[in-house]
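The structure appears below as structure tokens.
Residue numbers (the working numbering): 5 to 89.
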């Protein structure tokens, strides 16, 4: 029986998805005329962590995704709009 890869493994698909999510997050932040520091502070995450999420380097929990959506004033679905295409 083959071993399953851990969910957090950085397979090519995971890396692409993280980068796309980060770009979408950056787009929404720029549209709101917000700084990385202000969004991170409002969402309750460290600025360095937030920067790494925007750069597609960090995995992010569901709780933090909802906190970022709230900080940006958007529905959580907005964070994922266009990522499936």
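Even for Gly, the Cβ is constructed at its ideal location relative to N, Cα and C.
Could you please give the first and the last residue of the uninterrupted alpha helix (DSSP H) stretch that includes residue 27? Taking the chain shown and counting its residues from 1, one reaches residue 27 at position 23. From DSSP, the alpha helix (DSSP H) with residue 27 extends over 16-35.
Tell me whether residue 74 sits in a helix, a strand or coil according to DSSP, three-state version. Here the question's residue 74 lines up with position 70 in the chain shown. Residue 74: helix per DSSP, three-state reduction.
Note the first and the last residue of the continuous alpha helix (DSSP H) segment covering residue 42. Mapped onto the chain shown, residue 42 falls at position 38. In this chain, the alpha helix (DSSP H) harbouring residue 42 covers 40-47.
With distance defined between alpha-carbon atoms, name the residue in 76, 61 and 21 nearest to residue 48. Taking the first residue of the chain shown as position 1, residue 48 is located at position 44. Nearest of 76, 61 and 21 to residue 48, Cα basis: 76.
Nearest-angstrom beta carbon gap, residue 57 and residue 86 [assumed within contact, 8 Å]: On the chain shown, position 82 is the one that residue 86 refers to. On the chain shown, position 53 is the one that residue 57 refers to. About 17 Å separates the two Cβ atoms, so there is no contact after all.
Span of the alpha helix (DSSP H), counted from its first residue to its last, around residue 51: The residue given as residue 51 occupies position 47 in the chain shown. 51-58 is the extent of the alpha helix (DSSP H) around residue 51.
Close-in-space but distant-in-sequence residues of the same chain around residue 32 (CB under 8 Å, 5 per side omitted): For the purposes of this step, residue 32 is taken as the residue at position 28 of the chain shown. For residue 32, where only same-chain residues beyond five positions count, the Cβ hits under 8 Å are 76, 78, 82 and 83.
Quick one: residues in its chain with C-beta nearer than 6 Å to the C-beta of residue 23, no 5 flanking neighbours on either side, listed in chain order? For the purposes of this step, residue 23 is taken as residue 19 along the chain shown, with counting starting at 1. Excluding positions up to five away in sequence, the list reads 60.
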